[in-house]
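Our numbering puts the first residue of the sequence shown at 56, with every later residue one more than the last. Yeah, the Cβ is synthetic: ideal placement off N, Cα and C, and Gly gets one too. First the structure, in the form of structure tokens, and then the observations on it.
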Amino acid sequence: MKKQLFVWLFASLFLLAVPAAQTFASDDEVEITLLEVSGFLPGDDPFSTPDQEGDTPPRPNDFRATITGSTLEISSGMHDARVIVRNSSNVQVLDRQFVGGTIEQLPLAGLYSLEIQSGSLTLVGAFEAQ
56 MKKQLFVWLF ASLFLLAVPA AQTFASDDEV EITLLEVSGF LPGDDPFSTP
106 DQEGDTPPRP NDFRATITGS TLEISSGMHD ARVIVRNSSN VQVLDRQFVG
156 GTIEQLPLAG LYSLEIQSGS LTLVGAFEAQ
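Here it is, written out as structure tokens:
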């Protein structure tokens with residue numbers, strides 16, 4: 056009798072957990088591809104690593120941006136940076152200075168563009184918030 060009760064309880068909890076797991080699965084972290092914007096001169100090597108270049112100004116690989124649902128997370132190593140986010144109507148929804156990283160909640164689901172500025176480096180990307 057106790058075993059049947061345990062099995063019933065376990066099955067009930069499992070059935071309750073499945074919809075929650077599916078909800079969290081839709082909020083998987085998505086890497087935002089960042090591209091360097093450069094003028095007439097070639098930019099930094101986008102495939103460089105901090106170990107290869109020593110202690111120099113910000114490099115593209117120093118930065119990482121992800122979106123999880125409507126939460127935007129940006130890391131910049133220890134560099135100071137500025138992030139600008141615009142919605143699909145080109146309306147600026149975020150303009151923030153930060154050092155090392157920032158986590159921001161976007162107001163609405165939709166398509167956004169991202170610009171990260173640090174020193175003479177400018178990175179851009181596009182993403183969808185849920």
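Margin query: Let me make sure I understand the geometry here. Which of 125, 126 and 120 has the alpha-carbon closest to that of residue 180?
Written below: Looking at the Cα atoms, 120 is the closest of the given residues.
Notebook entry, point to check: What do you get for residue 135, buried or exposed, if any count of 16 or more other CB atoms within 10 angstroms of its CB means buried?
Noted result: Under this definition residue 135 is an exposed residue.
Margin query: Short of 6 Å in beta carbon distance, which residues of its chain neighbour residue 176, apart from the five on each side in sequence? Order them along the chain.
Written below: Answer for residue 176: 113, listed in chain order.
Next item on the list: Determine the closest residue to residue 117 out of 133, 126 and 92, with distance taken between C-alpha atoms.
Entry: For the residues 133, 126 and 92, the minimum Cα distance to residue 117 belongs to 133.
Note to self: Contact defined as beta carbons within less than 8 Å: I believe residue 149 pairs with residue 139. What is the distance between those atoms, to the nearest angstrom?
What the structure shows: Correct: roughly 7 Å between the Cβ atoms.
Next item on the list: Measure the alpha-carbon distance for residue 22 versus residue 164 and round it to whole angstroms.
Entry: Because the chain in this structure spans residues 56 to 185, residue 22 falls outside the shown range and cannot be described.
Notebook entry, point to check: Got a sec? Which residues, its chain only, sit under 6 Å from residue 147 by beta carbon, not counting five neighbours each side?
Noted result: Excluding positions up to five away in sequence, the list reads 141.
Notebook entry, point to check: Can you name, in chain order, every residue of its own chain whose Cβ lies under 7 Å from the Cβ of residue 88, other than the five neighbours on each side?
Noted result: For residue 88, where only same-chain residues beyond five positions count, the Cβ hits under 7 Å are 180.
Next item on the list: Determine the burial state of residue 166: buried for a count of at least 16 other Cβ atoms within 10 Å of its Cβ, exposed for fewer.
Entry: With fewer than 16 other Cβ atoms inside 10 Å of its own Cβ, residue 166 counts as exposed.
Margin query: What would DSSP say about residue 135, mapped onto helix, strand or coil?
Written below: Here residue 135 sits in strand by DSSP.
Check: Once you ignore the five residues that flank residue 80 on each side, which residues in its own chain have a CB closer than 8 Å to its CB?
Finding: Low confidence applies to residue 80: its pLDDT is 48, below 50, so where it sits in the model is not reliable, and the reading given next is rough at best. Excluding sequence neighbours, residue 80 sits near nothing in its chain.
Margin query: Per the DSSP calculation, residue 160 is bridged to which residue(s)?
Written below: Looking at the DSSP assignment, residue 160 forms a beta bridge with 126.
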